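Take the sequence shown: its position 42, counted from the start at 1, is 41 in numbering that gives the first Met the number 0, and no numbers get skipped. Note that CB positions come from ideal geometry on N, CA and C, so glycine has one too. Note that the coordinates shown come from a computational prediction; the quantities given were computed from them, not determined experimentally.
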Amino acid sequence: MSDDKSTADPKPKKKGGFIKAALFGLVLLGAGGGGTYAAFASGMIGQPAEKAEDLKPKLVLKGAKDPFHYTVDGKDKDKIEIVHGAGGSKYRTAYYNFDDEFTSNLAGGAALIQISVAASTHHDGRVLMWMHEHETALRSRILVELASTEEAELMGVSGKEQLQVRLAAAINEVLEEREGFGGVANVYFRSLIIQ
0 MSDDKSTADP KPKKKGGFIK AALFGLVLLG AGGGGTYAAF ASGMIGQPAE
50 KAEDLKPKLV LKGAKDPFHY TVDGKDKDKI EIVHGAGGSK YRTAYYNFDD
100 EFTSNLAGGA ALIQISVAAS THHDGRVLMW MHEHETALRS RILVELASTE
150 EAELMGVSGK EQLQVRLAAA INEVLEEREG FGGVANVYFR SLIIQ
């Protein structure tokens with residue numbers, strides 16, 4: 000009986016199963032590597048994203064040349080060399096004067112306010128240019144701020160200072176909405192009358 004088992008033909012084993020799987024794996028690795036190489040070569044992956052040029056206004060140091068020098072009235076104030084002091088901010092301050100006065104009723108009563116204002120920036124001349132370009136929108140926003148102010152708020156120094164802060168924020172809001180950048184540091188009263 001033992002002879003029967005040894006002489007019987009066993010089922011033939013498939014040869015090359017492991018080799019076929021290994022070759023298939025190598026083909027897949029090659030295709031993946033080739034695809035990756037093609038993606039790198041074409042710039043689809045691996046390339047650093049191009050840095051978008053920063054077009055926002057830059058701070059201008061005292062004594063430095065403003066690359067976007069801007070004057071509203073066409074007069075060049077830079078013909079007279081300005082000598083900056085050693086103290087204060089290290090950045091120069093440029094001013095934009097609103098031509099006309101602002102007159103509005105105050106909230107909650109019959110009081111009237113009339114102001115003349117200027118705004119300052121430490122950034123390059125584009126902020127001044129944008130203020131001139133959008134003066135109508137800025138004037139409207141300033142008038143809204145004035146009309147929403149109570150007379151009692153303006154009786155003390157702190158109330159007037161708070162109004163200056165609100166006006167600077169309002170101007171920056173309009174500029175950010177229209178140009179993507181505010182840049183106004185402060186608002187100053189050139190005249191202020193409350194009746």
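With fewer than 16 neighbouring CB atoms inside 10 Å of its own CB, G107 falls in the exposed class.
If you draw a straight line from the Cα of T148 to the Cα of V173, it comes to about 19 Å. Per DSSP, the continuous alpha helix (DSSP H) segment holding Q163 begins and ends at V156 to E178. According to DSSP, H122 shares a beta bridge with L58. DSSP lists no beta-bridge partner residue for Q194. Under the Cβ criterion (8 Å, minimum of three pairs), the region 120-139 counts as touching the region 175-183.
Boundaries of the alpha helix (DSSP H) around S41: G16 to S41. Restricting attention to S41, A37, H83 and A110, the CA atom closest to the CA of V59 is found in H83.
If you ignore the 5 residues before and after L137, its C-beta comes within less than 6 Å of the C-beta of I170 and V173, all in its own chain and listed in chain order.
Membership of T135 in the alpha helix (DSSP H) is indicated by the continuous run E134 to A146. Residue pairing by DSSP places S115 opposite S190 in a beta bridge. Check the Cα spacing between E100 and each of F67, G87, T135 and L127: the tightest is with T135. Secondary structure at E80: coil, using DSSP grouped into helix, strand and coil. The beta carbons of E144 and R125 sit no closer together than 8 Å. In the three-state reduction of the DSSP assignment, E100 falls in the coil class. When DSSP reads this structure, Y94 sits in a beta bridge with S119. Its chain contains H121 as the residues whose beta carbon lies nearer than 7 Å to that of S88, once the 5 sequence neighbours on both sides are disregarded; these appear in chain order. Of T102, A93 and I44, the smallest CA-CA separation from F67 is found for A93. The Cβ-Cβ distance between I114 and F188 falls below 8 Å. Taking the Cα of R91 as reference, the smallest distance to any Cα among F97, A38, G31 and K57 is reached at K57.
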